[in-house]
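Please read the structure below before turning to the comments.
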Amino acid sequence: MTDPDPIDGDVFVSPRYLAGSTFTGDPALKPLRDLGWEMHHNDDGNVYLTSPDRRVRLGYLPEGDDDGLWRISAYTDAFAQPHWGVCFNDMAPTELVTAFTTALAKAYTDGPDAYLTGPGSADSQASAFNAVVPLINRGWQLQHPRWGVMELKSTDGMAGLEYTSGKLDHQRELTTLEARWYMWGGPARPRWYATASSNTPVHLVTAITTAVSDPAPLPRWRDAMLRSLREAAQLTPVTPPPPPVPTPLDVRRNVARLPPALGTVSVPRWSTASRPPARPAPRTGGARR
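Take the sequence shown: its letter number 71 is residue 75 in my numbering, and every next letter is one higher.
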């Protein structure tokens, strides 16, 4: 019998958008590395992945110039400016990034139509609505409409999404928070955020909205969380699973492993027909004084 996978944390955090980062990039890098994407890093410890066709690039930048820890971009031509770009800052729960890179890995396997554009127009509000459906289905509320902005918030008001319609400056989308999609979470600043520019395939954005609204809690080490997150989130201690109940086959195997001295030696028993053992002879010696 094999042991279950260990839970990496001493508490479960709910809602998950208050969990904060795990401060490790390996889980989010794995889906793309499994596809054989080329990886290299610089002397500062920043990691870069590049797809075999050079059309998709990912940067994991713990030593970058700003708080944009994850930057992913796609190109219609390897030497052109990015066709779309996605960014997660250093506070974003790593599981959200992993959900995105997992969807991106599948889209890359499906081909350019899936990872460059995807079905439908990424800039049409009708198509964009597909990405907010997971939020609405899990109780997020549409806010009072603002001109050109569709906004939703979680029921506790500690996470939100904004979708901006109309024409945007594409370069600013890639370098600022003024992007087509803006998601955030946290009780107060500093908050985590994620942005996705125009042309980002809606199904890739949907992977993020599905993950951020998932009701399942996330494991974290309590002492590694920011105090503001610990105070705002619901923390439940992680209890180890009970030991597995041995099967009859396990019992037989354990008995078979007993050493012969324990498994074969018989213990004599008295009966009415058996002859009692002889009494030992009395001790001799000097009398006590």
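Every residue, glycine too, gets a C-beta built ideally from N, C-alpha and C.
Model, not experiment: these values are computed from the prediction.
Do residue j and residue i come within 9 Å of each other at the CB atom, strictly closer than that value?
i	j	result
Tyr21	Gly161	no
Leu165	Glu177	no
Ala23	Leu172	no
Ala78	Trp88	yes
Leu33	Thr106	no
Ala109	Leu39	yes
Val90	Ala192	no
Ile76	Arg61	yes
Leu53	Glu42	yes
Val15	Leu230	no
Thr210	Asn134	yes
Gly13	Arg234	no
Ser217	Leu139	yes
Can you tell which of the options has the C-alpha that lies nearest to the C-alpha of residue i?
i	options	result
Gly115	Arg234, Val242 and Pro56	Pro56
Phe27	Phe92, Ile212, Thr179 and Thr199	Phe92
Val136	Lys157, Thr121, Thr179 and Asp70	Lys157
Leu208	Ala228, Tyr112, Leu73 and Thr54	Tyr112
Asp94	Pro241, Gln85, Arg37 and Tyr64	Tyr64
Asp81	Gly152, Leu120, Thr204 and Pro194	Leu120
Pro86	Ala220, Ser202 and Gly49	Ser202
Less than 8 Å between the CB atoms is what I'm expecting for residue i and residue j, so what's the real figure, rounded?
i	j	result
Ala103	Ala215	4 Å
Trp188	Ala200	Between Ala200 and Trp188 the Cβ distance is about 13 Å, and since that is not below 8 Å, they are no contact.
Leu100	Ile212	6 Å
Gly152	Ser131	Not confirmed; about 16 Å, so no contact.
Pro31	Thr98	6 Å
Gly29	Val51	7 Å
Just verifying my parser: in three-state terms, what is the DSSP assignment at residue i?
i	result
Gln147	coil
Ser217	coil
Ser278	Below a pLDDT of 50, predicted positions are generally treated as unreliable, and Ser278, at 49, falls in that range; no measurement from the model is reported.
Thr105	helix
Arg20	helix
Ser77	strand
Gly124	Per-residue confidence for Gly124 stands at a pLDDT of 46, beneath the threshold of 50, marking its modelled position as unreliable; no derived number is given.
Ala183	coil
Asn93	strand
Leu172	coil
Which one or two residues does DSSP pair with residue i in a beta bridge?
i	result
Gln238	Ser18
Thr199	Cys91 and Tyr186
Pro223	Phe16
Lys34	In DSSP, Lys34 forms no bridge with anything.
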